[in-house]
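Working notes, structure below.
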Amino acid sequence: MPNTVFRTSMHLMTALIFLLLVLIFWNKNVSLPEILQTTSMQAFKTIFISILLEAIPFILVGVLLSSLLQTFVSEQTIRRFIPKNPILGILFACLLGILFPMCECGMIPVVRRLILKGMPVYIAVVFILTGPIINPIVFAATFMAFRNHPAMAYSRIGLAFAAAVIIGLVLYRLVKSNPLRNSRANFSNQADWEGHSHQGGGFVSKVNTFFVHASDEFFEMGKYLIFGSLLTSLIQIFMQRESLLASGQGPISSHVFMMGFAYILSLCSTSDAFVASSFQTSFTSGSLLTFMVFGPMLDFKSTLMLLSIFKSKFVFLLSVLIVITVLSCSLLAQHFL
Numbered sequence: 013m014p015n016t017v018f019r020t021s022m023h024l025m026t027a028l029i030f031l032l033l034v035l036i037f038w039n040k041n042v043s044l045p046e047i048l049q050t051t052s053m054q055a056f057k058t059i060f061i062s063i064l065l066e067a068i069p070f071i072l073v074g075v076l077l078s079s080l081l082q083t084f085v086s087e088q089t090i091r092r093f094i095p096k097n098p099i100l101g102i103l104f105a106c107l108l109g110i111l112f113p114m115c116e117c118g119m120i121p122v123v124r125r126l127i128l129k130g131m132p133v134y135i136a137v138v139f140i141l142t143g144p145i146i147n148p149i150v151f152a153a154t155f156m157a158f159r160n161h162p163a164m165a166y167s168r169i170g171l172a173f174a175a176a177v178i179i180g181l182v183l184y185r186l187v188k189s190n191p192l193r194n195s196r197a198n199f200s201n202q203a204d205w206e207g208h209s210h211q212g213g214g215f216v217s218k219v220n221t222f223f224v225h226a227s228d229e230f231f232e233m234g235k236y237l238i239f240g241s242l243l244t245s246l247i248q249i250f251m252q253r254e255s256l257l258a259s260g261q262g263p264i265s266s267h268v269f270m271m272g273f274a275y276i277l278s279l280c281s282t283s284d285a286f287v288a289s290s291f292q293t294s295f296t297s298g299s300l301l302t303f304m305v306f307g308p309m310l311d312f313k314s315t316l317m318l319l320s321i322f323k324s325k326f327v328f329l330l331s332v333l334i335v336i337t338v339l340s341c342s343l344l345a346q347h348f349l
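Put into structure tokens, the structure is as follows:
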């Protein structure tokens with residue numbers, strides 16, 4: 013385990029250094045001394061801390077729910093509630109998002125536990141995609157942000173639902189093997205935890221198991237969140253917003269730009285609508301919709317967290333599906349807004 017953590021940290025640090033060099037050479041107006049100036053460093057610290065403060069509560073809720081599932085809910089209970097029909101299973105996953113309104117940061121540890129408990133991968137992924145969007149909290153935030161255009165709130169829910177259903181059906185057809193990293197080790201640990209949680213020790217032992225599991229998972233997820241927040245903050249410091257806005261005015265390029273913008277900003281789904289509403293005079297409604305649906309489904313920090321639990325090939329497949337599906341659906345939805 014220490015060697016694995018060390019290798020992961022080294023890979024992420026290498027990626028960070030590479031990204032810094034690319035940004036420095038790409039933007040000739042920015043030099044390294046400017047990065048170290050007080051204003052830039054202050055902006056970096058503000059963005060970095062704000063991302064962490066937004067995400068950590070949701071990760072904490074996620075690992076607590078994950079530990080509750082691990083300690084007190086058996087595999088049989090999970091499987092009893094999951095529909096066998098894929099269509100009903102996908103609808104069930106969307107319903108879970110309404111019942112458990114969480115950010116994508118909190119979804120990932122819960123979903124890993126649900127997969128280990130027996131939930132099919134395609135249903136678990138739909139839960140990840142819809143949970144941060146199809147819930148009352150996000151709907152209310154979007155409605156408030158677009159008070160002058162309330163159709164955006166309904167369109168966001170509808171687009172997220174349609175995209176998740178399509179992606180879920182594609183994964184149902186394509187993914188037949190377990191995509192979790194170190195699945196054998198995970199299932200071995202799962203068996204150990206099950207035996208410890210459900211067979212012996214009584215309530216006190218289960219409570220102790222709950223807190224041990226929650227702390228372990230919090231630190232495991234937390235290191236990826238910190239690295240993701242760090243890189244996201246650096247990207248935002250270097251990004252020249254005015255020049256990027258100028259390149260995002262086309263009927264398709266505006267959607268592509270807003271997808272990239274959402275990926276880089278890595279905003280929480282409860283706050284991204286207010287950012288999107290600030291661009292109403294500069295971008296089309298369809299591209300703003302793209303921003304609000306794509307970001308919660310896939311951003312920089314969530315990509316790192318997905319890579320921490322899923323194999324790289326699966327994360328790549330899922331990312332491609334999200335890009336194609338959200339872009340296609342948003343281009344279609346633009347004609348009705």
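Heads up: the sequence shown begins at 13 in my numbering, then just goes up one per residue.
All residues carry an ideal CB built from backbone N, CA and C; glycine is no exception.
| Check | Outcome |
| --- | --- |
| Per DSSP, residue 322 is paired with what? | 192 |
| Less than 6 Å between C-beta atoms, sequence neighbours within five positions excluded: which residues of the same chain meet that for residue 77? | 122 |
| Would you identify the three-state DSSP class for residue 293, choosing helix, strand or coil? | coil |
| Can you check which of these residues, 343, 307, 316, 175, is closest to residue 263 by C-alpha distance? | 343 |
| Does the segment 318-326 come close enough to the segment 273-284 to have 3 or more Cβ pairs within less than 8 Å? | no |
| Starting from residue 131, trace the alpha helix (DSSP H) both ways and give me its first and last residue. | Note, residue 131: premise wrong, no alpha helix (DSSP H); not H, not E. |
| If we count the other Cβ atoms within 10 Å of its Cβ and call it buried at 16 or more, is residue 99 buried or exposed? | exposed |
| Return helix, strand or coil for residue 137, following the three-state DSSP convention. | helix |
| I believe residue 104 touches residue 149 by the beta-carbon criterion, under 8 Å. Please report the beta-carbon distance rounded to the nearest angstrom. | So it is not a contact: roughly 20 Å between Cβ atoms. |
| Identify, in the order they occur along the chain, each residue of the same chain with its Cβ nearer than 8 Å to the Cβ of residue 192, setting aside the five sequence neighbours on each side. | 124, 127, 128, 198, 321, 322, 323 |
| With distances taken from CA atoms, which of 161, 156, 294, 138 is nearest residue 174? | 138 |
| How should residue 61 be labelled, buried or exposed, when 16 other C-beta atoms within 10 angstroms of its C-beta is the threshold for buried? | exposed |
| Taking 9 Å as the cut-off, decide whether the C-beta atoms of residue 170 and residue 285 are in contact. | no |
| What is the DSSP secondary structure of residue 330, counted as helix, strand or coil? | helix |
| Residue 166 to residue 80, Cα distance in whole Å? | 33 Å |
| Is it buried or exposed, residue 347, if we count other Cβ atoms within 10 angstroms and call 16 or more buried? | exposed |
| Does the separation of the CB atoms of residue 302 and residue 338 fall below 9 Å? | yes |
| Buried or exposed: residue 334, going by 16 or more other Cβ atoms within 10 Å of its Cβ? | buried |
| The alpha helix (DSSP H) with residue 267 in it runs from where to where? | 265-277 |
| Closest to residue 271 by C-alpha separation, out of 311, 160, 318, 144, would be which residue? | 311 |
| Just to confirm, are residue 55 and residue 249 a CB contact at a threshold of 9 Å? | yes |
| Between residue 190 and residue 181, what straight-line distance do the alpha-carbon atoms span, to the nearest angstrom? | 16 Å |
| How would you call residue 188, buried or exposed, if buried means at least 16 neighbouring beta carbons within 10 angstroms? | exposed |
| Within the same chain, show all residues whose beta-carbon is closer than 6 Å to that of residue 157, passing over the 5 residues directly before and after it, in chain order. | 285, 286, 289 |
| Measuring alpha carbon to alpha carbon, tell me which of 184, 317, 130, 146 ends up nearest residue 304. | 146 |
| Residue 102: beta carbon under 8 Å from a heavy atom of the ligand FMN? | Ligands are entirely absent from the displayed structure, and the ligand FMN is therefore not among its contents. |
| Going by DSSP in three states, residue 311 sits in which element: helix, strand or coil? | coil |
| Can you find the residues in the same chain that come closer than 7 Å, C-beta to C-beta, to residue 91, ignoring five residues on each side of it along the sequence? | 130 |
| By alpha-carbon positions, which one of 306, 314, 266 ends up nearest to residue 291? | 266 |
| With a threshold of 6 Å on Cβ separation, who are the neighbours of residue 12 within its own chain once the five nearest residues in sequence on each side are excluded? | It is not possible to answer for residue 12, since the shown part of the chain is limited to 13 through 349. |
| For residue 281 and residue 144, which I take to be in contact (beta-carbon distance under 8 Å), what is that distance rounded to the nearest angstrom? | 4 Å |
| Using three-state DSSP, classify residue 104 as helix, strand or coil. | helix |
| DSSP three-state label for residue 162, please. | coil |
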